[in-house]
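Going down the list, the sequences are from chains Y and A. Quick note, the working numbering runs 758 ahead of the 1-based positions in the first sequence. Quick note, the working numbering runs 758 ahead of the 1-based positions in the second sequence. Remarks on the structure that follows.
Protein chains: 2
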Amino acid sequence: MRGLFSNDMSDSGLFIERLAIIGVGLIGGSLARALRQANTVGEVVGSGRNAEHLQRAQTLGVIDRWDTDVAAAVAGADVVVLAAPVSAMEELFRAIGPALKTGVIVTDVGSTKRSVLEAARVAYGHIPGNFVAGHPIAGTERTGVDASFSQLFRQRRVILTPTAETLPAAIATVKALWQTAGAQVSEMDADRHDEILAATSHLPHVLAFALVDHLAALDDRHEIFAFAAGGFRDFTRIASSSPEMWCDIACANREALTTALDGYLQDLVLLRDAIANNDSAAILAVFRRAKQARDRLIDLAGPAVNPA
Amino acid sequence: MRGLFSNDMSDSGLFIERLAIIGVGLIGGSLARALRQANTVGEVVGSGRNAEHLQRAQTLGVIDRWDTDVAAAVAGADVVVLAAPVSAMEELFRAIGPALKTGVIVTDVGSTKRSVLEAARVAYGHIPGNFVAGHPIAGTERTGVDASFSQLFRQRRVILTPTAETLPAAIATVKALWQTAGAQVSEMDADRHDEILAATSHLPHVLAFALVDHLAALDDRHEIFAFAAGGFRDFTRIASSSPEMWCDIACANREALTTALDGYLQDLVLLRDAIANNDSAAILAVFRRAKQARDRLIDLAGPAVNPA
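Printed below as a string of structure tokens:
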């Protein structure tokens, strides 16, 4: 095989002779498409629980072949990407361990990072130096390989959360892999990642799911939803996300999420009291600070490239 | 003048010789544009507090002339549309009262309806039969006449909340006016309107403003917002709305909004406890019901025509 790095295949010099993707859905499928499009990958092997989905991924040209036996799928792979639910990680680590070849680099795409590192620690007794925990902050409310597209990660952020033991060469490879897919890669502590994502992603999802469920439980739900405007649609779009995936994430990051929820609830109750008391000065102060911060955020980030 | 109805000018037969619009912003400006485009209006007179904004509206061709003196602006008008903040309604009712011509029809576009009817009652001692309270459920987070466009109300809902005293002919005219602009018009009780809008519009706005303000107050706000994905942007888009307008709305509808907030807070605390207790069955139940309801809503409403 060629080395992981060779400067004739892409700007980053990355070339992966054999890539194994465990979980060929929106994220795993989009990554495979992006790496193929950049000619940075030889063979792509898929794995997962559902043979029909894997066959579909092969038919779409996202993967070259597949095996529902995850150990068989990762055999001989140079890079393994775990794109399965965070709740499945410990079992996956155990299953692939004996089948991995020497020098393999393993990464994941889970939305919570402490739980994934903990899963590795439990499965192997330590966090292997060739495992680089990662999280692409990209996605849509749709799922499955049919929703995947090669541009999903363009101009999106990817956070890697290496530990003190992670091998620099492994970090460099995973970083190059995401850069090849068009992403901007940052590194930080897993705790920090989990706090930031609890605030900006997990908390909004919980609020949106809770709101739609609350309104749906009202007797007059049909009339209520009939008069919902575009603001409500945007606000609740994330409540159309996968319940199973987000339940996994909420549990896996329950500590940071509970802290974020408690902080928010405290502020929300104050605002509720200001409204009940007709305290327009207090209400206006909150609304003004929020608009200012939201407008800054948009200035900061520029127009959205995709609906992730 | 021609009568309010003549069957040669539009499908609905509506023709308004002179229309006065008080508050020529996104809503008032878009309504003027829509009625002009349908050739259902003769002269459009604008009024408001800011001469510069009114001159801009005239330059854009949205209005024919303007007067910052609201009494002068409504003199001789056949239809008057009050598109000012709900907090300004009582003062406006007082100001226009003596200047209105016999047979005039007055309507408004306020987001809360009990408060507007109450403002009329306080100003006039009763709710005049020629006043039809209304609310077009349309808008964007942008404001001002420059954001106005003739298609804003196409396929959007407009709710009218007439009282027992409202004249049927006045209701018919206001209904025809909104239908001409492309909207679907419903009638209901003002209490019912305020409850529905508290749930689907005012509550989400409060939640979004509170979330962005909460996150902005955290020390690490810059890092937090830098890692916010598209889901967060959609969820918080409504927090870029006008703080002043939404503060007005929150206070004007504080009773229904407080009730909606309390119901939501109760459910949210239950969900928070389920997350803290790692109760995945309870979490999953909420998330699944929410996704089902959200997906039904989209089926029900079809694709959004504009970002209102």
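We put the beta carbon where it would ideally sit given N, CA and C, even for glycine.
Original post:
Is the distance from the Cβ of valine 964 of chain Y to the Cβ of glycine 787 of chain Y below 7 Å?
Top reply: no
Original post:
From the DSSP output, which residues share a beta bridge with aspartate 866 of chain Y?
Top reply: Y/Leu840
Original post:
Of all the residues that make up the segment 951 to 974 of chain A, which are near chain Y by a beta-carbon distance shorter than 8 Å?
Top reply: Ile954, Leu955, Ala957, Thr958, Ser959, Leu961, Pro962, His963, Val964, Leu965, Ala966, Phe967, Ala968, Leu969, Val970, Asp971, His972, Leu973, Ala974
Original post:
Looking only at its own chain, which residues have a Cβ that is under 7 Å from the Cβ of glutamine 1050 of chain Y, when we skip the five neighbours before and after it?
Top reply: none
Subject >> Option nearest serine 1030 of chain A by Cα separation, candidates Y/Leu1019, Y/Ile1033, Y/Ser1038 >> reply: First, the residue type needs correcting, since residue 1030 of chain A is arginine and not serine in the sequence shown. Taking only the C-alpha atoms, the option nearest arginine 1030 of chain A is Y/Leu1019.
Subject >> Contact with chain Y by tryptophan 1004 of chain A, beta-carbon distance below 7 Å >> reply: At least one chain Y Cβ lies under 7 Å of tryptophan 1004 of chain A.
Original post:
Does DSSP put histidine 893 of chain Y in a helix, in a strand, or in coil?
Top reply: strand
**OP:** Give the single residue among A/Leu910, A/His884, A/Gly861 whose Cα lies nearest to the Cα of glutamate 923 of chain A.
**Re:** The shortest Cα separation from glutamate 923 of chain A among A/Leu910, A/His884, A/Gly861 belongs to A/His884.
Original post:
Of all the CB atoms in chain Y, is at least one closer than 7 Å to the CB of serine 998 of chain A?
Top reply: yes
**OP:** Out of Y/Met946, Y/Phe993, Y/Thr865, Y/Ala975, point me to the one whose CA is closest to leucine 969 of chain A's CA.
**Re:** Y/Phe993
**OP:** Count the other CB atoms, across all protein chains shown, that sit within 10 Å of the CB of proline 1001 of chain Y; report buried if there are 16 or more and exposed otherwise.
**Re:** buried
Original post:
Between alanine 948 of chain A and histidine 960 of chain Y, what straight-line distance do the alpha-carbon atoms span, to the nearest angstrom?
Top reply: 36 Å
**OP:** Evaluate contact between the segment 866 to 873 of chain Y and the segment 886 to 902 of chain Y, counting only Cβ atoms and requiring at least three cross-stretch pairs below 8 Å.
**Re:** Contact between the segment 866 to 873 of chain Y and the segment 886 to 902 of chain Y is present, because at least three Cβ pairs lie under 8 Å.
Subject >> Straight-line Cα distance separating asparagine 1035 of chain Y from leucine 1028 of chain Y >> reply: 11 Å
**OP:** Spell out whether any CB of chain Y is found under 7 Å from the CB atom of leucine 910 of chain A.
**Re:** no
**OP:** Could you tell me which chain Y residues have their CB closer than 8 Å to the CB of leucine 1042 of chain A, listed as they occur along the chain?
**Re:** Going along chain Y in sequence order, the residues near leucine 1042 of chain A (Cβ under 8 Å) are Pro1001, Glu1002, Cys1005.
Original post:
Over what stretch of residues does the alpha helix (DSSP H) that includes glycine 989 of chain Y continue unbroken?
Top reply: 988 to 994
Original post:
Excluding five sequence neighbours on each side, which residues of the same chain lie with their C-beta closer than 8 Å to the C-beta of serine 831 of chain Y?
Top reply: Note that residue 831 of chain Y corresponds to alanine in the displayed sequence, not to serine. So the qualifying residues of the chain are Ala778, Ile780, Val803, Gly804, Ser805, Trp824, Asp825.
Original post:
Would you call aspartate 827 of chain Y buried or exposed, if buried means 16 or more other Cβ atoms sit within 10 Å of its Cβ?
Top reply: exposed
Original post:
With burial defined as no fewer than 16 other Cβ atoms inside 10 Å of the residue's Cβ, what is the status of asparagine 808 of chain A: buried or exposed?
Top reply: exposed
Original post:
Does the beta-carbon distance from aspartate 952 of chain A to serine 845 of chain A come in below 7 Å?
Top reply: At the C-beta level, aspartate 952 of chain A and serine 845 of chain A stay beyond 7 Å of one another.
Subject >> Buried versus exposed call for threonine 865 of chain Y [16 or more other C-beta atoms within 10 Å across all chains shown] >> reply: buried
Original post:
Can you name, in chain order, every residue of its own chain whose Cβ lies under 7 Å from the Cβ of asparagine 765 of chain Y, other than the five neighbours on each side?
Top reply: Note that asparagine 765 of chain Y has pLDDT 41, beneath the 50 cutoff, so the model's placement of it is unreliable and no number is given.
Original post:
Going by DSSP, what residues sit across from isoleucine 821 of chain Y in a beta bridge?
Top reply: According to DSSP, isoleucine 821 of chain Y shares a beta bridge with no other residue.
Original post:
Grouping DSSP H, G and I as helix and E and B as strand, with all else coil, what is glutamine 909 of chain A?
Top reply: If DSSP states are grouped into helix, strand and coil, glutamine 909 of chain A belongs with coil.
Original post:
Do alanine 878 of chain Y and alanine 857 of chain Y have their CB atoms nearer than 7 Å?
Top reply: no
Original post:
Which residues bound the beta strand (DSSP E) around glutamate 801 of chain A?
Top reply: 799 to 805
Original post:
Which residue comes first and which comes last in the alpha helix (DSSP H) that contains serine 788 of chain A?
Top reply: 784 to 795
Original post:
At a Cβ threshold of 7 Å, is glycine 915 of chain Y touching chain A?
Top reply: Note that residue 915 of chain Y corresponds to arginine in the displayed sequence, not to glycine. Yes, arginine 915 of chain Y lies at the interface with chain A (some Cβ there is under 7 Å from its Cβ).
Subject >> Contact check, threonine 931 of chain A vs glycine 783 of chain A, beta carbons under 7 Å >> reply: no
Subject >> Within chain Y, partners of aspartate 1053 of chain A - CB distance below 7 Å >> reply: Ser998
Subject >> 7 Å Cβ cut-off: residues of chain Y touching leucine 1015 of chain A >> reply: Neighbours of leucine 1015 of chain A on chain Y, chain order: Ile1033.
**OP:** Measure how close the beta-carbons of alanine 792 of chain A and valine 820 of chain A come, nearest whole angstrom, since I'm counting them as under 8 Å.
**Re:** Not confirmed; about 11 Å, so no contact.
Original post:
Which two residues bound the contiguous alpha helix (DSSP H) that contains glutamate 953 of chain A?
Top reply: 948 to 955
**OP:** List the endpoints of the continuous alpha helix (DSSP H) containing serine 873 of chain Y.
**Re:** 872 to 882
Original post:
Sorted by chain position, which residues of the same chain lie with C-beta nearer than 7 Å to glutamine 795 of chain Y's C-beta, five sequence neighbours on each side aside?
Top reply: Only Ser908 meet the Cβ criterion.
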